[in-house]
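Novice: Residue numbers (full-length UniProt numbering): 1 to 348.
Backbone N, C-alpha and C fix where the C-beta goes; we use that ideal spot for every residue, glycine too.
#1: What's the call for residue 314, buried or exposed, on a 16-neighbour Cβ count within 10 Å?
#2: Measure how close the beta-carbons of residue 119 and residue 51 come, nearest whole angstrom, since I'm counting them as under 8 Å.
#3: Tell me whether residue 108 sits in a helix, a strand or coil according to DSSP, three-state version.
#4: Suppose contacts are defined by Cβ-Cβ distances below 8 Å. Is residue 157 in contact with residue 249 by that definition?
#5: So, are the CB atoms of residue 100 and residue 183 less than 8 Å apart?
#6: Please tell me whether residue 316 and residue 170 are closer than 8 Å, where the distance is taken between their beta carbons.
#7: Quick one: is residue 292 buried, meaning 16 or more other Cβ sit within 10 Å of its Cβ, or exposed?
#8: Apart from the five residues just before and just after residue 304, which ones in its own chain have a Cβ nearer than 6 Å to its Cβ?
#9: What is the C-beta distance between residue 81 and residue 25, in whole angstroms, given that I count them as a contact (C-beta under 8 Å)?
#10: Below 7 Å CB to CB, which residues in the same chain sit around residue 154 once its five sequence neighbours on both sides are set aside?
#11: If I'm right that residue 168 touches residue 320 with Cβ under 8 Å, what's the distance once you round it to whole angstroms?
#12: Need the endpoints of the alpha helix (DSSP H) that residue 239 sits in, please.
#13: Leaving out five residues on either side along the sequence, give the residues of the same chain with a beta carbon under 8 Å from the beta carbon of residue 71.
#14: I'd like to know if the segment 268–288 and the segment 179–197 are in contact, where contact means that at least 3 CB-CB pairs between them fall below 8 Å.
#15: If residue 203 sits next to residue 234, beta carbons under 8 Å apart, how far is it from one beta carbon to the other, in whole angstroms?
#16: Output the distance between the C-alpha atoms of residue 318 and residue 290, rounded to the nearest integer angstrom.
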C-alpha cells in the first residue's frame with residue numbers, strides 16, 4: 001500500500017519500484033524551473049550551491065522515502081517524473097552536441113541527488129558537466145563507453161578506477177522507445193566460494209580510466225599526472241557488515257601480473273554476475289538508483305538510428321557523506337589525477 005504523500009513501493013519483476021507521488025513530482029519540477037530561471041544553466045555555480053537548500057525544503061516524508069536504503073538487490077526504480085516526449089526535442093547525436101538539451105531534467109536529477117546526498121561530478125567527463133547525457137554517438141558504436149550501441153556494454157562499477165567514485169548512480173530515462181535494457185547485477189545475490197572471495201579480496205589488478213576520460217579536455221597538469229603515475233592494484237571484492245561489496249570493470253582491468261588462481265576466481269565472479277543479472281528496460285521518466293558498491297551495470301546492444309528518437313538517459317552521481325565500508329587502503333590511491341567536482345566544497 002502506498003505511503004500517504006510519499007512513495008509507494010511495489011513488487012515487480014526486476015528491481016523494486018518506488019512510485020513518486022504526483023504532488024512531489026510537481027514540486028520537483030517547479031523547483032527546477034525556478035532554479036533555471038534564476039541561474040540560466042544547470043551547471044551555473046549559483047545553482048549548484050543552491051541545491052542543498054532547495055532539497056532541504058522538500059517535505060521530510062519525501063526526503064526520508066528517497067533515502068538510499070536497499071535490499072540485497074542494491075537498486076530501485078523511482079517512477080513518476082512527468083517527462084514528455086514532445087517537449088524534449090530530438091535525442092542528441094552525442095554528448096558533445098547536446099548542450100543544454102533537456103536542461104530542466106538535469107536540474108530535477110540534481111535535486112534528487114541532493115536529497116540523497118551530495119551531487120558530484122568529474123572535470124574529465126563531458127567537459128565537467130554535473131549531469132551527463134548518455135546517448136549513442138556516430139563512430140563510437142563499438143566502444144566500452146556510454147556512447148556505444150552495437151556492442152554489449154560490459155557490466156562495471158561506475159568510475160571503478162577512482163577511490164572517490166560515487167556511492168550512488170542515478171540513471172534517468174528521457175527516451176527509450178525500443179525498451180533497450182540496462183543490465184544490473186548485485187554481488188550480494190551471487191554464490192561465490194569462500195576461497196574465491198579471499199582471492200578477489202587481495203589487491204592484484206589495477207583498473208584504468210575508461211575511454212570517456214582520455215578524450216576529455218583536462219588541465220595540462222592532469223594529463224601529466226595521468227601519464228606518469230603507475231597503475232595501482234585494487235581489491236575486486238571486500239566484505240562489510242552489510243554484506244559483500246565490489247569494484248569491477250573487466251574491460252579496463254589489467255590482468256598481466258595476476259596469478260592463475262586470481263584469474264580463475266575472477267572468471268567465476270563474472271559467471272555469477274551473469275547468472276543473477278536483471279534486465280531493466282527503463283520507461284520515460286524512470287530513475288534507476290544504483291548502489292555503486294553493490295551493483296555492476298551495463299547495457300544490451302542495440303542499433304542506433306541517429307534520427308532523433310534513439311535511447312537517451314541522463315546520469316548523475318551522488319556521494320553519501322559519512323558512508324563507510326570501502327577499504328582504508330583506497331585513501332592512498334592517486335585516481336590517475338582525475339579531479340572530482342563537489343559543488344558543496346571548494347578546492348576539489
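Specialist: Walking through what the data contain:
#1: By 1-based counting over the chain shown, the position of residue 314 is 314. So residue 314 ends up on the buried side.
#2: The residue given as residue 119 occupies position 119 in the chain shown. The residue given as residue 51 occupies position 51 in the chain shown. That belief holds up - the Cβ atoms of residue 119 and residue 51 are roughly 6 Å apart, short of 8 Å.
#3: By 1-based counting over the chain shown, the position of residue 108 is 108. In this structure, residue 108 counts as helix in the three-state DSSP scheme.
#4: Taking the first residue of the chain shown as position 1, residue 157 is located at position 157. Taking the first residue of the chain shown as position 1, residue 249 is located at position 249. Taking 8 Å as the Cβ cut-off, residue 157 and residue 249 qualify as a contacting pair.
#5: If you number the chain shown from 1, residue 100 lands on position 100. If you number the chain shown from 1, residue 183 lands on position 183. No. Outside cutoff.
#6: The residue given as residue 316 occupies position 316 in the chain shown. The residue given as residue 170 occupies position 170 in the chain shown. Against a cut-off of 8 Å, the Cβ pair of residue 170 and residue 316 comes out as a contact.
#7: In the chain shown, counting from the first residue as 1, residue 292 sits at position 292. The residue in question, residue 292, is buried, as its Cβ has 16 or more Cβ neighbours within 10 Å.
#8: In the chain shown, residue 304 corresponds to position 304, counting from 1. 136, 149, 310, listed in sequence order.
#9: As a position in the chain shown, residue 81 is number 81, starting the count at 1. As a position in the chain shown, residue 25 is number 25, starting the count at 1. Indeed, because the Cβ distance is near 6 Å, the residues count as touching under 8 Å.
#10: Counted from its first residue, the chain shown places residue 154 at position 154. Hits under 7 Å: 144, 250, 251, 298.
#11: Against the chain shown, residue 168 aligns to sequence position 168. Against the chain shown, residue 320 aligns to sequence position 320. Yes, they are in contact, since the Cβ atoms of residue 168 and residue 320 sit about 6 Å apart, within 8 Å.
#12: Position 239 of the chain shown, counted from the first residue, corresponds to residue 239. Segment 237–240 is the beta strand (DSSP E) holding residue 239; no alpha helix (DSSP H) there.
#13: Against the chain shown, residue 71 aligns to sequence position 71. If we look at residue 71 and ignore the five residues flanking it on each side, its Cβ neighbours are 16.
#14: yes
#15: By 1-based counting over the chain shown, the position of residue 203 is 203. By 1-based counting over the chain shown, the position of residue 234 is 234. Confirmed, about 5 Å.
#16: Locating residue 318 in the chain shown gives position 318, counting from the first residue. Locating residue 290 in the chain shown gives position 290, counting from the first residue. When rounded, the distance between both Cα atoms is 10 Å.
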